[in-house]
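Each residue of the sequence shown is one higher than the one before, counting from 1 in this note's numbering. Every residue gets a Cβ at the ideal spot worked out from N, C-alpha and C, and that includes glycine. As the structure is a computational prediction, the values presented were derived from the model and not from experiment.
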Amino acid sequence: MSQPSILATLKDGQTYLDGAASYTLFSAGGTDFVVVGISWGIDKTATYEWASSVFDAYPQRVGIIVSHSVLESDGTFTGPGSRLHKNVVAKCPNVRLVLCGHYRESQQKLDYYDDDGDNIPDRYVNTLMFNFQEDKEHGLGYVTMLTLDPKDRSISAYVYSPYYGRQRDGNEGAFTLTDAY
Numbered sequence: 001m002s003q004p005s006i007l008a009t010l011k012d013g014q015t016y017l018d019g020a021a022s023y024t025l026f027s028a029g030g031t032d033f034v035v036v037g038i039s040w041g042i043d044k045t046a047t048y049e050w051a052s053s054v055f056d057a058y059p060q061r062v063g064i065i066v067s068h069s070v071l072e073s074d075g076t077f078t079g080p081g082s083r084l085h086k087n088v089v090a091k092c093p094n095v096r097l098v099l100c101g102h103y104r105e106s107q108q109k110l111d112y113y114d115d116d117g118d119n120i121p122d123r124y125v126n127t128l129m130f131n132f133q134e135d136k137e138h139g140l141g142y143v144t145m146l147t148l149d150p151k152d153r154s155i156s157a158y159v160y161s162p163y164y165g166r167q168r169d170g171n172e173g174a175f176t177l178t179d180a181y
């Protein structure tokens, strides 16, 4: 008996490997998104195939990946990050944003992809890393807030602490990406 195609069984919020990866759909400001979350330690070919099948099932939605370890502290790819970009991001033209943590501080990496094989980049993907947990004075309790603006397709980020009720001193980690999705 053959197994059913994963594409035939995808449902919003479906999990993979008992929750080690999952996805959700949402719409905001007239834009439809698909977000795939991949947890620590499931850096495997089958995981990448599952994630790709989710993005392939929703080609008109803007794709976002959230994963634990994608960038090193110097902004280069980790081993899992390199494999994620090679096996999912490069193959899924709707993926436009990758978010991660793991290493300390914040980093941004911009990569261009040629989706139609004409040697001209068709899209770019922003990979963003945020992790302020080692900043003992100000880091604990801070989260990075992303605001997506559908008019100019920009993403603005700032670091905020609900505990302190304020943005991070010096507004470190604040930026705006234009035409980001």
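Of the listed residues the options, nearest to residue i (C-alpha basis)
i, options, result
"Arg168", "Asp32, Thr176, Ser39, Ala157", "Ala157"
"Val35", "Val159, Val54, Asn119", "Val54"
"Thr144", "Pro150, Lys151, Asn131, Leu84", "Asn131"
"Val89", "His102, Pro59, Thr147", "Pro59"
"Cys100", "Ser39, Asp152, Pro162", "Ser39"
"Val49", "Val66, Gly141, Asn87, Arg166", "Strictly speaking, residue 49 in this sequence is Glu, with Val absent from that position. Out of Val66, Gly141, Asn87, Arg166, Asn87 has the C-alpha closest to the C-alpha of Glu49."
"Tyr113", "Gln107, Leu128, Ser106, Asn94", "Asn94"
"Glu72", "Ile65, Ser82, Val66, Gly63", "Ser82"
"Thr47", "Gly117, Ala20, Ser69, Asp149", "Ala20"
"Lys151", "Thr127, Val159, Thr178, Tyr160", "Thr178"
"Val159", "Val70, Gly141, Asp149, Leu148", "Gly141"
"His85", "Phe175, Arg61, Asp111, Tyr164", "Asp111"
"Lys109", "Asn126, Arg96, His102, Asp115", "Asn126"
As assigned by DSSP and simplified to three states, the class of residue i
i, result
"Glu72", "coil"
"Phe132", "coil"
"Arg83", "helix"
"Ser39", "coil"
"Val89", "helix"
"Asp118", "coil"
"Asp149", "strand"
"Asp56", "helix"
"Thr78", "coil"
"Pro4", "Because the pLDDT of Pro4 is 35, which lies under 50, any placement of that residue in the model is unreliable, and the question is left without a value."
"Ala180", "coil"
"Pro162", "coil"
For residue i, the residue or residues it bridges with in DSSP
i, result
"Gly63", "Val34, Val95"
"Gln14", "Answer is none; Gln14 lacks a bridge partner."
"Glu105", "Asn131"
"Ala21", "Tyr16, Ile38"
"Ala51", "Beta-bridge pairing links Ala51 to no other residue."
Original post:
How about the stretch 25 to 34 and the stretch 42 to 52: do they share at least three Cβ pairs that are nearer than 8 Å?
Top reply: no
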